[in-house]
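A.B. asks: The numbering of the sequence shown is full-length UniProt numbering, which starts it at 1 and goes up by one.
Questions regarding the structure given below will be posed in turn.
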Amino acid sequence: MRIYMVGGAVRDALLGLPVQDRDWVVVGATPQWMLEQGFTAVGKDFPVFLHPQTHEEYALARTERKSGVGYKGFTVYAAPHVTLEQDLARRDLTINAIAQRQGADGAPEYIDPFGGRADLAGKVLRHVSDAFAEDPLRILRLARFAARFADFAIASETMQLMRHMVDAGEVAHLTAERVWQEIARGLMEPAPQRMLHTLRACGALAVALPELEALWQRAAPGYGDHAGEHALAMLALACQERAPLAVRYACLAHALGSAERDALAQRMKIPADVRDLADLAARECAAFNAWSDVNALAASAAPMASKDACVQAAQTSPTQTDPAQTIVQLLERCDAFRRPQRLALALQVCAYAHGQPAPDWLARRVLLGAWQQAKQVDTAAIAQQAARQGLRGEAIGQCIHQARVDAVRRAAERLADPHPQDPTP
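Take a look at the structure:
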């Protein structure tokens, strides 16, 4: 019986990267032996066990045989006589098919039957064998590795094999939920643009995510290039600022129409918070951008007459050209006083849409500054005062709204300052 460390832990150690999780393969053992040693069985489709102390995963050496369609159509065979080389041969990429054990002198020894270390040195993503074509999920995994290792090239024969897989219809067997899982993970890699380029190059994007593929067939009004390339430029800015998943997805979906975003989100079962941010940013981006020119706001700076907010609200019929009024309406429409972080993220997306890092976009600073002023209004005190005056329901809401407008108007000159402090919630 022999135990080897395998997979990503070996790869990352050889690259000098931090090792997150270690996986092990056990050659020459049986499930009964593993249980007798105190391991806990956790695998459903093949024998995987948790170590009694470290809780790391130990899998019995196994082979896989294609027995159906898609990424679940496999028959797994595990037995004591399955060799390490046979186990490594079923893996996706050569850089993931390296095993390591401790030598007699304590130094690591590597078992590398498929040239993984040479491909690490040459910075190449290459499939282990033609068995790669049996699992369409490997296309998405390779695209994700391309996003993680931005300086690695994809071997030409591997790209050709992926194109054959797409042409054979294998990608169509992937479930939408599994596609989203891989896309979401890839979006959080250092260079997710490479994932999209890889999926386009092999044809998988058109099959799995046709809404995104269609972006390369339309212009980006006001930006001068294809909507697809503009989306990737937005995504690059998001990566530079370590933006969360919801922002990165919103960058991809920004140029989609409302119906396209809905169809994509429903089919992929995209989480509600991710979908919601993409919708808000796309819907309100033009309204946000209007505050990149704050001359009108600065010109409107004037304190309100010394009347209480409720009386002023009752006596005033604000027009749509009142800048402070327009800003507060926008903030309320975005539910910014209950969900300020969502507003900040939506403004981040729209900054990228205009080719700017979020802290540099004037509209973002103006709107977050206005939100800061308006949120200081004591809504409870205003509601109590309104109730004493006999107001109810919408009338109380109008009092609060007007107090917020007054707060923004009084601060208009400061909001127009092109170099204010960053007011992120």
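Backbone N, C-alpha and C define an ideal beta-carbon position, used for all residues, glycine too.
#1: Is the Cβ-Cβ distance between Ala253 and Arg242 less than 8 Å?
#2: Starting from the C-beta of Leu400, find all residues in its chain whose C-beta is less than 6 Å away, skip the five residues before and the five after it, and write them out in chain order.
#3: Since Glu177 is in the alpha helix (DSSP H), which residue starts that stretch and which ends it?
#4: Along the beta strand (DSSP E) that carries Met5, what are the first and last residues, could you check?
#5: Check the Cβ-Cβ distances between Ala403 and every residue of chain D, and say whether any is below 8 Å.
#6: Buried or exposed: Lys307, going by 16 or more other Cβ atoms within 10 Å of its Cβ?
#7: For Arg388, which three-state DSSP category applies?
#8: Would you say the stretch 108 to 117 touches the stretch 73 to 83, given that touching needs at least three Cβ pairs under 8 Å?
#9: Please say whether Ala143 and His164 have beta carbons closer to each other than 8 Å?
#10: Taking just the CA atoms, how far does Arg90 sit from Glu64?
#11: Beta carbon of Lys269, beta carbon of Ala407: below 8 Å?
#12: Please list the terminal residues of the continuous beta strand (DSSP E) segment that includes Pro31.
#13: Which residue's Cα is closest to the Cα of Tyr4: Phe39, Gly103, Gln37?
#14: Would you kindly report the start and end of the unbroken beta strand (DSSP E) that includes Gln100?
#15: Using 8 Å as the threshold, is the stretch 211 to 221 in touch with the stretch 337 to 344, meaning 3 or more CB pairs across them?
#16: Please name the residue in Glu284, Cys202, Gly390, Asp119 whose C-alpha comes closest to that of Arg11.
#17: In the DSSP assignment, find the unbroken beta strand (DSSP E) run with Val48 in it and report its ends.
#18: Which class does Glu57 belong to by DSSP, given the choice of helix, strand or coil?
C.D. replies: Considering the structure as presented:
#1: no
#2: Note on identity: in this sequence residue 400 is Ile, with Leu being the wrong assignment. Counting only Cβ-Cβ distances below 6 Å, and skipping sequence neighbours, we find Thr379, Ile382.
#3: 176 to 187
#4: Where Met5 is concerned, the enclosing beta strand (DSSP E) stretches over 2 to 6.
#5: In summary, chain D is missing from the structure at hand, where a single protein chain is found.
#6: With a pLDDT of only 45 at Lys307, under the threshold of 50, the placement of this residue in the model should not be trusted; the figure read from the coordinates follows. Lys307 comes out exposed.
#7: Helix, per DSSP.
#8: no
#9: no
#10: Taking the straight line joining both Cα atoms gives about 7 Å.
#11: no
#12: Run containing Pro31: none in the beta strand (DSSP E); it sits in the alpha helix (DSSP H), 31 to 36.
#13: Gly103
#14: 99 to 102
#15: no
#16: Asp119
#17: 48 to 50
#18: strand
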